[in-house]
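J.: Let me begin by handing over the structure; questions about it come next.
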Amino acid sequence: MKQTLTFIGAITSALLFSAWAFAQSQPPVIPTVPTPSDIQAGVEQKAAEERGKAEGKAKAAMGSAEEKSKKSADKAARKAEQAQKKAQREAEKAQAKAERQKQKAETKAVQTQGKVKEQAEKAHDTTAGQVEKAETKASQEMEQTEKKLLGEGK
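If you're matching positions, the sequence shown starts at 1 in this note's numbering and goes up one per residue.
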């Protein structure tokens with residue numbers, strides 16, 4: 001057992017020595033202080049990153065503005081089209097109304113013309129009847145007068 005412990009001690013001692021020797025061969029870690037060129041490179045890198053972000057935001061804003069402008073133009077075009085359709089419908093309604101009024105006026109004119117013709121015919125018939133009556137009456141009166149004259153002449 002003593003030999004085993006001695007052997008384990010020797011191995012442990014060798015491992016510790018090896019670890020110590022390895023640590024001694026490595027250069028020490030010395031914290032570095034940034035140089036002016038490192039600072040400038042960092043500032044330039046940060047500025048480039050910020051410029052990239054700003055350009056991205058500007059592109060996004062321009063895209064958004066273009067999209068809004070396009071939407072506004074589309075909306076205005078739709079409103080103009082709707083207004084044109086409405087005006088066309090109004091014009092069609094007005095034309096239909098004018099056509100109806102024209103037909104009514106023509107119908108009324110035909111009816112009025114018919115009534116005037118009918119009244120003229122009635123007036124003509126009445127006048128003809130009166131003339132006929134007057135002629136009949138005149139002829140009766142002439143006959144009576146002739147009878148009287150003939151009767152007096154006997």
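For each residue, glycine too, the CB sits at the ideal point set by N, CA and C. All values reported here derive from a predicted model rather than from experimental measurement.
Between Trp-20 and chain B, is there a C-beta pair that is closer than 8 Å?
T.: Of the protein chains in this structure there is only one, and it is not chain B.
J.: Helix, strand or coil for Val-33 per DSSP?
T.: If DSSP states are grouped into helix, strand and coil, Val-33 belongs with coil.
J.: Using the C-alpha atoms, what's the distance from Ala-80 back to Lys-97?
T.: 25 Å
J.: Taking DSSP as the reference, what is the three-state secondary structure of Met-142?
T.: helix
J.: Output the distance between the C-alpha atoms of Pro-36 and Glu-55, rounded to the nearest integer angstrom.
T.: Each residue's alpha carbon lies about 28 Å from the other.
J.: Is Met-62 helix, strand or coil when you go by DSSP?
T.: helix
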